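So the sequence shown is residues 43 to 628, counted in the working numbering.
Each residue gets a CB set at the ideal place from its N, CA and C atoms; glycine is no exception.
Keep in mind it's a predicted model, so treat the numbers as computed, not measured.
Structure first, commentary second.
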Amino acid sequence: MDSFRILPGKPISGGTSVTARGVNFSVFSRNATKIFLELFENEDSSEPFQTIELSPKTNKTGDIWHVFVEGLKAGALYLYRAEGPFNPSHGHRFDGKQHLFDPKAKCFSGGSVFRHLLSDKTGPLEKMPKNVVIDDEAFDWGDDMPLKIPLGKTIIYEAHLKGFTASPTSKVEHPGTYAGFKEKIPYLQELGITAVEFLPIFEFDEYENTNVNPMTGARMKNYWGYSTIGFFAPKASFAADKTPGGAVREFKELVKALHEAGIEVILDVVFNHTAEGNEHGITLNFRGFDNSIYYHLVNNQKQYYMNFSGCGNSLNCNHPVVSDFIIDCLHYWVLEMHVDGFRFDLASILTRDERGFPLQQCPLTERISEDPVLRNTKIIAEPWDCGGAYQIGGFPGGANNRWCEWNDKYRDGIRRFIRGDSHLSTEAATRISGSSDLFALSGRNPTHSINFITAHDGFTLNDLVTYNHKHNEQNGEDNRDGNDNNLSYNYGFEGAVINPKINETRERQIKNFFTTLMISQGTPMFVAGDEVRRTQGGNNNAYCQDNEISWFNWDDVANNAKTLDFFKKLIAIREKHPVFQRNRFF
């Protein structure tokens, strides 16, 4: 392939920008001494057809490296390399031989074979995904606009994009894809929910888990996706369209179709850590561009990472560069991908200062709450992390705090109450009436409490009334993983049973749980499949189970039609009566 003419380019905030003349590339690195942009002819190219060295004199403005490639078009494939100091004790981990993904890449090509599966640290390039240049102006949104459904009228349905249709029982044309999910929108309309909250769909490495299922011998996967590589990129393997850039178009089509059906899209986003792990982890992008900026490093021992996420590292979210990155990312998904809101995983990490201490007045979370572009979006915090921060009811959002919070006190209180534990009347009444003890002091209202009994993390509703103990043996961790305090009860037998009295009790308790959720003040959320008694066989930590354990079994729709009908009717009652949608405490 012929080489392209190279111009200095402009220090646009990052990523790629397509014009009629070509493509502008820009990337942040304060401490790199050289940056190389490499262009590839196709996905399985073993070497670039053109390598462009960016000069610190002509291709760097401040800390932004930039270049313009004249004649290049959308769909082009690229990677970077960055040279600079390798001095881990001072926080620097540059290696000019390693190929790096653009931190603001809008799409990845091909599959999910990332570096740790490759034969050496630089990796055979024909196996490595490439970044794809995307022209966002090419998609026709028509008259699509934000739905702006009030929190009081919102009912959230937490779903795994792939798992919703991956089972052969879904009978969709493209199982486990954005296109497959789109086929099931009529089901969601009939159910009556108003928002889908997708588990992570940003590009992640589904093959990073090296454990083996001891019962089947199958290799485990990173099914949930809480290990982000590309924050601006919808996961390529979730697309039926495998052409470069196909995932972007297909995701946009799904969002547009959901909006046409009156359903909002909320994304579960993971800004608390990345897929690069700890000091023994892999270098994919952030570490190779400016490790000392992006991560919380241990003072005086900067070769080590602070680990508030439980996943090896923690993003230094309140560093100005990192907070700008997060805001840019949120803007992109709202403006270009038309999503309606975000649920922030382990959000307390977003409140930690550069020393790792939680802030009561946090620049980033206040900025998100006040940001004019994000003003009409739903912002939901999981208000804790793995480093001991627990901020339920007190998540910092400034004077006009818009943050909603996952209310685990609601979950635990209602589980105990419905189970029949003693001395729970006052606690249950407080939770059902909107948790004023948690949200009133900050000037928020009942709708800022995200009420839930089940979520992806833990038992399904069916398993909550079927098992006294977790059964995670197939995760390959000797059943050590997952929460032991499930507040569940099996009503006489551990697991599925044919005893009609036990089954009647379980069905009644499922109805009691969902009725309580629907009549409670606050914003309700339930996990996909609860309405048809989806089971995970007692597995309460199915993060690694990309199989029938986690997938939605569409045969359950017919098998548990009465339960489904009960859910539909309760949702309809809640939506009809304003008494359940109060935005003031009693």
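Residue from the options whose Cα sits closest to the Cα of residue i
i	options	result
S477	R458, K204, A497 and D450	D450
A118	N73, H108 and N66	N66
V69	D86, F110 and F46	F110
A208	I197, D479, K195 and G222	G222
S562	H619, D413, G580 and V574	H619
N525	E536, G537, V381 and H511	H511
Y220	S351, G288 and A180	G288
E447	R409, Y432, E536 and R458	Y432
I434	R486, W596 and E225	R486
Straight-line Cα distance separating residue j from residue i
i	j	result
E546	H315	44 Å
C428	N349	8 Å
G354	K611	45 Å
L233	I368	34 Å
Q402	P438	6 Å
I48	F91	14 Å
A603	V214	20 Å
I474	T557	11 Å
E248	L241	13 Å
Q231	A260	36 Å
N443	N251	38 Å
D463	M170	54 Å
S87	T61	25 Å
A497	Y199	9 Å
A614	E125	59 Å
L159	M560	Note on L159: pLDDT 49, under 50, position unreliable in the model; no value is reported.
A584	N527	16 Å
L193	F244	25 Å
F384	V297	14 Å
Y509	N532	5 Å
Residue i - containing alpha helix (DSSP H), residue span
i	result
A221	Y220 to E225
R458	D450 to R461
V175	Unbroken run through V175: none, as it is neither H nor E.
D499	Neither: D499 is in no alpha helix (DSSP H) and is coded neither H nor E.
Y336	F328 to Y336
A289	G288 to E302
F386	F386 -> not in any alpha helix (DSSP H); beta strand (DSSP E) instead, spanning G383 to F386.
I94	That residue, I94, is in no alpha helix (DSSP H); its beta strand (DSSP E) goes Q92 to L96.
N253	From DSSP, N253 is part of no alpha helix (DSSP H); its letter is neither H nor E.
I410	P405 to E412
N504	L503 to L506
Assigned secondary structure, residue i (DSSP; H/G/I helix, E/B strand, else coil)
i	result
W596	coil
V574	helix
K543	helix
L159	Bear in mind that a pLDDT of 49 at L159, under 50, signals an unreliable position, so the number given afterwards is only what the model happens to contain. L159 falls in the helix class under three-state DSSP.
E125	strand
W375	helix
S530	coil
S87	coil
I271	strand
G56	coil
H513	coil
L480	helix
R624	coil
I391	helix
R72	coil
F206	coil
E469	helix
R135	strand
Y229	helix
N66	strand
Rounded Cβ spacing between residue i and residue j (contact assumed at less than 8 Å)
i	j	result
S491	T565	7 Å
V415	V364	About 18 Å separates the two Cβ atoms, so there is no contact after all.
L142	L167	About 12 Å separates the two Cβ atoms, so there is no contact after all.
A275	C149	5 Å
Q516	M257	5 Å
G518	N264	About 13 Å separates the two Cβ atoms, so there is no contact after all.
D182	H301	Not confirmed; about 14 Å, so no contact.
Residue range of the beta strand (DSSP E) that includes residue i
i	result
R47	R47 to L49
W107	I106 to E112
I198	I198 to A201
K618	Per DSSP, K618 belongs to no beta strand (DSSP E); it is in the alpha helix (DSSP H), A603 to K618.
D588	Where D588 is concerned, there is no enclosing beta strand (DSSP E), given that its DSSP letter is neither H nor E.
P566	T565 to V569
I422	K420 to A423
A237	A237 to F240
H306	His is not the amino acid found at residue 306; the sequence shown has Glu there. Segment E306 to V311, the beta strand (DSSP E) holding E306.
The ligand SAH heavy atom lying under 7 Å from the CB of residue i
i	result
L372	The ligand SAH is not part of the structure shown, which contains no ligands of any sort.
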